[in-house]
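The letter at position 108 of the sequence shown is residue 108 when you use this note's numbering, and the numbering goes up by one with no holes.
The structure appears below as structure tokens.
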Amino acid sequence: MKKQSILSLVALVAILMLTSCNKYEAKTADLKTQTDSLNYALGLANGDGIKNYYMQKDSSEKPIIALMNALDKAYKSGADKDEMYKLGLEIGSSFKQQKAKGLMGDSTLVFDDKLVKQGLVNALNGFKEGMTAQEAQEYIQKAMAKIQAEKMGQQAPPSLEAAPEAQQPEVK
Numbered sequence: 001m002k003k004q005s006i007l008s009l010v011a012l013v014a015i016l017m018l019t020s021c022n023k024y025e026a027k028t029a030d031l032k033t034q035t036d037s038l039n040y041a042l043g044l045a046n047g048d049g050i051k052n053y054y055m056q057k058d059s060s061e062k063p064i065i066a067l068m069n070a071l072d073k074a075y076k077s078g079a080d081k082d083e084m085y086k087l088g089l090e091i092g093s094s095f096k097q098q099k100a101k102g103l104m105g106d107s108t109l110v111f112d113d114k115l116v117k118q119g120l121v122n123a124l125n126g127f128k129e130g131m132t133a134q135e136a137q138e139y140i141q142k143a144m145a146k147i148q149a150e151k152m153g154q155q156a157p158p159s160l161e162a163a164p165e166a167q168q169p170e171v172k
């Protein structure tokens, strides 16, 4: 009997640990390069738009999990379900295209799905550390303009700086 209660306790603790661990929680991202910052900013900018448009009625964790699960499934190849699931499939398909063509359609920039997803999750969860969605959009525009200018041999826009999160050495 004593052995069975210990086993039950261990099983209960394991279940609680598994259910409390959500792989789609907001957390800081480790941004070391401009490409890292672009990947994260892309997710952050898109996540903010999705949150504002689709999640006005339900800001709980449930639609975020449905969206991200569908996104993961579509990124690897997908199916269908409800609105958030379908949106996740669309985003996952878009990620697949980005990976094939390169970040922002530039084959020299590597698409990092983990950073893009973390930016997306952070925006969906209302994570307030690092850059805002507006700063992310501005960063993407300036960084892509700089990259294009470098490719064309022109001078880049003057005020391009690393993304705010990339400047923070302890960001993880």
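The C-beta atom is built at its ideal place from N, Cα and C for all residues, glycine as well.
Note that the structure is predicted; figures quoted are calculated from it, not measured.
Within the continuous alpha helix (DSSP H) that includes residue i, where are the two ends?
{"i": "E129", "result": "No alpha helix (DSSP H) contains E129, which DSSP labels as neither H nor E."}
{"i": "D249", "result": "There is simply no residue 249 to check, as the chain begins at 1 and stops at 172 in what is shown."}
{"i": "A143", "result": "133-152"}
{"i": "K117", "result": "113-124"}
Excluding the 5 residues flanking residue i on each side, which residues of the same chain have their C-beta closer than 6 angstroms to its C-beta?
{"i": "F111", "result": "Q98, K99, L103"}
{"i": "C21", "result": "Caution applies to C21, whose pLDDT of 44 falls short of 50 and renders its modelled position unreliable; the model cannot decide the point."}
Looking at residue i and the ligand SAH, is the gap between the Cβ and the nearest heavy atom below 7 angstroms?
{"i": "I65", "result": "Of the ligands one can find in the structure shown there are none, so the ligand SAH has no counterpart to examine."}
Just checking my contact of residue i with residue j at CB under 8 angstroms: how many whole Å lie between their CB atoms?
{"i": "G43", "j": "Q148", "result": "In fact, because the Cβ distance is near 21 angstroms, the residues do not count as touching under 8 angstroms."}
{"i": "D48", "j": "A143", "result": "Their Cβ separation, rounded to whole angstroms, is 18 angstroms, which puts D48 and A143 out of contact at 8 angstroms."}
{"i": "M131", "j": "A41", "result": "7 angstroms"}
Out of the options, which one is the CA nearest neighbour of residue i?
{"i": "L71", "options": "L120, K151, L38, T33", "result": "L120"}
{"i": "L109", "options": "D30, N39, K27, G153", "result": "N39"}
{"i": "N52", "options": "L124, E150, D113", "result": "L124"}
{"i": "A29", "options": "I50, E150, V116", "result": "V116"}
{"i": "Q137", "options": "M68, N46, K32, L31", "result": "N46"}
{"i": "I140", "options": "G105, N122, I65", "result": "G105"}
{"i": "L31", "options": "K114, I50, K96", "result": "K114"}
{"i": "G126", "options": "I50, S37, T33", "result": "I50"}
{"i": "N122", "options": "M68, K96, K57, D58", "result": "M68"}
Which same chain residues, not among the five before or five after residue i, have their C-beta less than 8 angstroms away from its C-beta?
{"i": "K73", "result": "A79, G88, L89, G92"}
{"i": "T35", "result": "L103, L109, V110, D112"}
{"i": "K101", "result": "S107"}
Is it buried or exposed for residue i, if we count other Cβ within 10 angstroms and need 16 for buried?
{"i": "S107", "result": "exposed"}
{"i": "M152", "result": "exposed"}
{"i": "S60", "result": "exposed"}
By Cβ distance, which residues of its chain are closer than 7 angstroms to residue i, with the 5 residues on each side in sequence left out?
{"i": "K129", "result": "Looking at the sequence itself, residue 129 is Glu, so the reference to Lys does not match. Answer for E129: T28, listed in chain order."}
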